[in-house]
Amino acid sequence: MVTPSAPRRVLLVDCDMFYVQVARLEDPEGVGREPLLIVGGSASGRGVVTSASYECRRYGVRSAMPTAEALRLCPDAVVVGVPRGSVSRRSRAVRQALEDRSPVVQAASVDEFYLDLTGTERLFHHEPLETTATRIREEVLDETGISVSIGGGTNRLVAKLAARPAKPGGVFVVPPGGEEEFVASLELRDLPGVGPALLGTLKERGLETIADARRVGLGWLERWIGSGRAAWLDRRMRGEDESEVVHGEGRKSISAERTFSKDIDDDDELARRLLALTVSITGTLRDKGLLARTVTVKLRDGDFTTRQRSQTFPEPVESDRVVFPVARALLADLRNRRRTPSRLIGVGLSNLLEGPAPRQMALFETHEPHETEVDRALNRAVDGLRDRFGRDAVVPGGMVDTREESAQDGREHDGR
DNA sequence: TCTGGGGTCCTAGGACCC
DNA sequence: TCTGGGGTCCTAGGACCC
């Protein structure tokens, strides 16, 4: 067994400006030669910067900035769209390379992976963690073409914070016992979880730095930001983090959303957009062998107000034929509460469970729409066609009432 | 400057049950 | 009679991250 006092050995592997790297790898002769490169924007013209090359960042370009503003700061920049397919392919390749070298790998996002190497000391002949990290960095680059930076320490928080001084393309490890001193050298805004809102609240009280906030003590912090957040912040400022690195995906929700090029006020048009998104996410759900119990519909109004409604099924479901009618009712409800042009619609599935669906459901009287074997069989058939003939092989039939349709189909099939 | 798209986690109130 | 208390689930919204 591991000695209780043995420090953990955690690494955070962070791909350097991942989207820019991927765009360049996919087009080495074109944007690969472009120093001033921005990945982002969108066909709608309402886009933001997803990632910018280091050369661009010197002009003040930052991610999440509207592309229009970025181009004002850096007029010579070349803007390319987000290469989604390549990004997920390259992300999987990096993850695979890491899984070949670490017993525990957790993907925190497409371009960030936590590794827990605790217990591998003998395997790596007791070499320093820094040496192991450096070798992993080089091997990942060789194997995938992706340059990463690696932060290391005795927990996830410290590993994450150490990745910053490691950038770009380096390794930085905080030694056991050095956590508190290392974190004390940072700004409050550097702490993950400290965003604009909390920063503003602390600043109102005159707290600008980690040193300020530690000096004032837990008692005052509790009064100002509540006991929960105060305790949380206090531990972060000491570089403490007990959370485990959990191997595998462990996804909690699946969602899709679209911002329109122009605000939409037409209910039928909104419902059509909703149908397309619903078909897409239920397809992803089945791909992953999952079931969902909760569906959420989100609208963003023209004035950027974001509203959402959700509903939970008594039993987990997987087919768009059952999800869509509920989603459409939630959309109608949102529209009835405030009738104003929408700039975005989104739909999400949560309360996820591993499949397969329970075979018999609805043994009780219920008015909830429930999923039948026929619903599932139809979706599986459509999935099969898409696998063989491509994503667009089967297109949803516009504004049909899928609940009526599924009931009719059920009768036909039963009749055979 | 006029704000993407994919997520996670937290809080708080109400329903419901014991 | 006019009032409990804990636990869990659901829902809405917000902060935050990459």
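Convert by adding 7 to the 1-based position in the first sequence; the result is the number in this note's numbering. No residue lacks a Cβ here, since even glycine has one placed at the ideal position from N, Cα and C. All values reported here derive from a predicted model rather than from experimental measurement.
{"Check": "Measure the C-alpha to C-alpha separation of Val165 and Leu130 and round it to an integer number of angstroms.", "Outcome": "24 Å"}
{"Check": "What residues in its chain sit with their C-beta under 7 Å from that of Ile271, if we drop five residues either side in the sequence?", "Outcome": "Leu277, Pro348 and Ser349"}
{"Check": "Answer with buried or exposed for Pro135, where buried requires no fewer than 16 other C-beta atoms within 10 angstroms of its C-beta.", "Outcome": "exposed"}
{"Check": "Specify the secondary structure class of Ile232 as computed by DSSP and reduced to three states.", "Outcome": "helix"}
{"Check": "Applying the criterion that 16 or more other CB atoms from any shown protein chain within 10 Å of the CB defines a buried residue, is Pro323 buried or exposed?", "Outcome": "buried"}
{"Check": "Apart from the five residues just before and just after Glu325, which ones in its own chain have a Cβ nearer than 8 Å to its Cβ?", "Outcome": "Thr289, Leu292, Arg293, Leu297, Leu298, Ala299, Gly362, Ala364, Glu378, Arg383 and Asn386"}
{"Check": "Quick check: the Cα distance between Ser268 and Gly52, rounded to an integer number of angstroms?", "Outcome": "7 Å"}
{"Check": "Contact check, Pro199 vs Lys167 under 8 Å by CB: the rounded distance?", "Outcome": "6 Å"}
{"Check": "Let me check understanding here. Comparing Cα to Cα, which of Ser70, Lys295 and Glu150 lies closest to Leu105?", "Outcome": "Glu150"}
{"Check": "Which residues in the same chain have their Cβ closer than 7 Å to the Cβ of Ala237, if we skip the five residues on either side of it in sequence?", "Outcome": "Leu225, Leu228 and Glu229"}
{"Check": "Given a cut-off of 7 Å on the beta-carbon distance, is the pair Ser156 and Ala170 in contact?", "Outcome": "yes"}
{"Check": "Helix, strand or coil for Ser95? Go by DSSP, reduced to three states.", "Outcome": "helix"}
{"Check": "Quick check on Tyr26: does DSSP put it in helix, strand or coil?", "Outcome": "helix"}
{"Check": "Is Pro183 helix, strand or coil when you go by DSSP?", "Outcome": "coil"}
{"Check": "Report back the beta-carbon spacing between Val87 and Ala30 to the nearest angstrom; my notes put them in contact at under 8 Å.", "Outcome": "5 Å"}
{"Check": "In three-state terms, what does DSSP make of Gly39?", "Outcome": "helix"}
{"Check": "If Leu44 sits next to Ser60, beta carbons under 8 Å apart, how far is it from one beta carbon to the other, in whole angstroms?", "Outcome": "4 Å"}
{"Check": "Which first and last residues belong to the beta strand (DSSP E) in which Arg398 is found?", "Outcome": "First-last for Arg398: undefined, no H or E at that position."}
{"Check": "So, under 8 Å CB-CB, Glu119 and Asp197 are touching, yes? Tell me the CB distance rounded to an integer number of Å.", "Outcome": "Not really, about 16 Å apart at Cβ, beyond 8 Å."}
{"Check": "Measuring straight from C-alpha to C-alpha, what distance separates Gly246 and Ser154?", "Outcome": "27 Å"}
{"Check": "How about Thr301 and Ser357: do their beta carbons lie closer than 7 Å?", "Outcome": "yes"}
{"Check": "Entirely within the stretch 87-158 and at least 4 residues each: give me those alpha helix (DSSP H) ranges in chain order.", "Outcome": "91-106 and 136-151"}
{"Check": "Buried or exposed, going by whether 16 or more other CB atoms sit within 10 Å of the CB of Thr465?", "Outcome": "No information on residue 465 is available, as it lies outside the stretch 8 to 423 that the chain covers here."}
{"Check": "Are there 16 or more other CB atoms within 10 angstroms of the CB of Arg395, so buried, or fewer, so exposed?", "Outcome": "exposed"}
{"Check": "Please go through the same chain and pick out, in chain order, the residues whose beta-carbon is closer than 6 Å to the beta-carbon of Glu125, but skip the five residues on each side of it.", "Outcome": "The question names Glu, but residue 125 in the sequence shown is Thr. Excluding positions up to five away in sequence, the list reads Arg15 and Arg16."}
{"Check": "In the DSSP output, which residue or residues are listed as bridge partners for Arg307?", "Outcome": "Thr313 and Leu351"}
{"Check": "DSSP three-state label for Ala71, please.", "Outcome": "coil"}
{"Check": "Is the beta carbon of Asp327 sitting closer than 7 Å to the one on Thr285?", "Outcome": "yes"}
{"Check": "I need the DSSP call for Lys295, collapsed to helix, strand or coil.", "Outcome": "coil"}
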